[in-house]
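Residues in the sequence shown are numbered from 2 upward in steps of one, following this note's numbering.
By construction, the Cβ of each residue, glycine as well, lies at the ideal position given by its N, Cα and C atoms.
One structure is given here, and the rest of the page talks about it.
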Amino acid sequence: MSRGGPDGPFRVALTFDAEHPDRPSRPGVQERLLDALDRHGVHASFFVQGRWAEAYPETARRIPQGGHLVGNHSHYHARMPLLSARGLRSDITAARDAIIEHTGVDPLPWFRCPFGAGVGDKRVQGFVRAAGYRHVGWHVAGIDWPAERTGADVEEAVVRGAIAHGDGCVVLLHTWPDRTEDAMDGIVRRLRDAGAEFARIDELPFVPEDEVPDAEVVEGAAAVAPSAA
Ligand SMILES: [Zn+2]
2 MSRGGPDGPF RVALTFDAEH PDRPSRPGVQ ERLLDALDRH GVHASFFVQG RWAEAYPETA
62 RRIPQGGHLV GNHSHYHARM PLLSARGLRS DITAARDAII EHTGVDPLPW FRCPFGAGVG
122 DKRVQGFVRA AGYRHVGWHV AGIDWPAERT GADVEEAVVR GAIAHGDGCV VLLHTWPDRT
182 EDAMDGIVRR LRDAGAEFAR IDELPFVPED EVPDAEVVEG AAAVAPSAA
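Right under this line is the structure:
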């Protein structure tokens, strides 16, 4: 059941934060996730942490080679409201330099704050915009970071959430959790059965800039830390 209107499309943008895992995960999970997207012919969008790209250059380079969009997910994956003006500028720039070096692609103009922290913070978003970026939030979180969640839980959250949202749904996932890998085949199969086409965020008519539902528990963190004084 497509919710894109009677004859309209039902586009779903899977987005993955590619970063250093903050919990243990199975070796090779990131590479197998890319394999799964290739196998299904799905183009997605990846928000890449600069230091992660430095640590995994071969995996990072596979992202654009697979037809996926590359965005900037900061360099140190810090909570951005805690950074000074100088820290914000240098983090965003260092990430861009590392991403260009290791993926061969410029992440401009796409940016996503770590943990969703700094969304709705005028100071942080001012620096993001000044560096030339648009912030990309999400409509539906797979909530794939807590260790107690299973692949079936993640699959269910994404499939139900995307169908309930309808056309233009942006979905938050991560590249490192085991349960994301476990959920991928079911997500793609069930959403295609429901009429979905997978799109990159640059193929959507609307990108949710300030929306970050479930962010308060993203990666176990408080969503919006207070601005540094
Ligand atoms: Zn992240």
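Buried or exposed (CB count within 10 angstroms, at least 16 for buried), residue i
| i | result |
| --- | --- |
| glutamate 102 | exposed |
| arginine 12 | buried |
| proline 206 | exposed |
| histidine 87 | First, the amino acid is wrong: residue 87 is arginine here, not histidine. Under this definition arginine 87 is an exposed residue. |
| histidine 78 | buried |
| histidine 140 | buried |
| histidine 74 | buried |
| proline 18 | Sequence inspection shows aspartate at residue 18; the proline mentioned does not correspond to that position. Buried, since its Cβ has 16 or more Cβ neighbours within 10 Å. |
| histidine 21 | exposed |
| aspartate 203 | exposed |
| glutamate 59 | exposed |
| alanine 131 | exposed |
| glycine 235 | No information on residue 235 is available, as it lies outside the stretch 2 to 230 that the chain covers here. |
| arginine 252 | Residue coverage of the chain in this structure runs from 2 to 230, which leaves residue 252 outside it and unanswerable. |
| valine 219 | The pLDDT assigned to valine 219 is 48, lower than 50, so where the model puts this residue is not dependable; a value taken from the coordinates is nonetheless given after this. When all chains shown are included, valine 219 counts as buried. |
| alanine 258 | An answer regarding residue 258 cannot be provided, because it is not within the stretch 2 to 230 covered by the chain. |
| glycine 247 | Here the chain covers residues 2 to 230 and nothing more, so residue 247 does not appear. |
| aspartate 92 | buried |
| arginine 97 | buried |
Unbroken alpha helix (DSSP H) run spanning residue i, endpoints
| i | result |
| --- | --- |
| arginine 150 | Segment: none, arginine 150 is in no alpha helix (DSSP H) and carries neither H nor E. |
| aspartate 36 | 30 to 41 |
Where the beta strand (DSSP E) containing residue i begins and where it ends
| i | result |
| --- | --- |
| alanine 19 | 12 to 19 |
For residue j and residue i, believed in contact at Cβ under 8 Å, the rounded distance
| i | j | result |
| --- | --- | --- |
| alanine 99 | arginine 201 | No, alanine 99 and arginine 201 are not in contact; Cβ-Cβ is about 21 Å, not under 8 Å. |
| alanine 90 | alanine 118 | Just to set this straight, residue 90 is arginine in the shown sequence, not alanine. Incorrect: roughly 17 Å between the Cβ atoms, too far for contact. |
| valine 129 | valine 213 | At roughly 14 Å, the Cβ-Cβ gap does not stay under 8 Å, so valine 129 and valine 213 are not in contact. |
| aspartate 145 | histidine 175 | 6 Å |
| histidine 136 | glutamate 198 | In fact, because the Cβ distance is near 24 Å, the residues do not count as touching under 8 Å. |
Cβ contact check for the stretch 60 to 71 and the stretch 38 to 50: 3 or more pairs under 8 Å: Yes: at least three Cβ pairs fall under 8 Å.
Beta strand (DSSP E) segments (min. 3 residues) lying fully within the stretch 136 to 213: Unbroken beta strand (DSSP E) stretches of 3 residues or longer found wholly inside the stretch 136 to 213: 170 to 175, given in chain order.
Every unbroken beta strand (DSSP E) inside the stretch 33 to 93 [3 residues or more]: Listed in chain order, the complete beta strand (DSSP E) runs (minimum 3 residues) inside the stretch 33 to 93 are 46 to 49 and 70 to 73.
4-residue-minimum alpha helix (DSSP H) runs that sit fully inside the stretch 102 to 136, ordered along the chain: 123 to 131, all fully within the stretch 102 to 136.
Three-pair Cβ contact test at 8 Å for the stretch 173 to 187 versus the stretch 141 to 156: With a cut-off of 8 Å, the stretch 141 to 156 and the stretch 173 to 187 count as touching, because enough Cβ pairs lie within range.
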